[in-house]
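Residue numbers (the working numbering): 4 to 93.
Below, the structure is given as structure tokens:
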């Protein structure tokens, strides 16, 4: 895979932290920046796919009733707290 050079501006404190981490990990700053960008891109791609899927679900009427969801999670919470304390929470 070919690579390209880009330039970024970071404050002195961030640069110092990056250098410290790179040294501790026995890696270059470029390696860490590359990994950070790759991780960020993967996160954004996942997030955008999930948003698009949610929009498609909504457009096709696949929705969850808000009140039903609240009841479900309140029940789970009450059950979980009741198991921890030995008593049921109402």
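Cβ atoms here follow ideal geometry from the backbone N, Cα and C, with glycine treated the same way. Quantities reported herein were computed from a predicted structural model and do not represent experimental measurements.
Per DSSP, residue 13 is not a residue of any alpha helix (DSSP H), being assigned neither H nor E. Note on geometry: alpha-carbon atoms of residue 54 and residue 47 lie some 10 Å from one another.
Contact annotation: residue 32 and residue 25 have beta-carbon atoms nearer than 7 Å. With a minimum length of 4 residues, the unbroken runs of alpha helix (DSSP H) contained wholly in the segment 15–78 fall at 15–28 and 32–62. Counting only the Cα atoms, residue 63 lies some 11 Å from residue 56.
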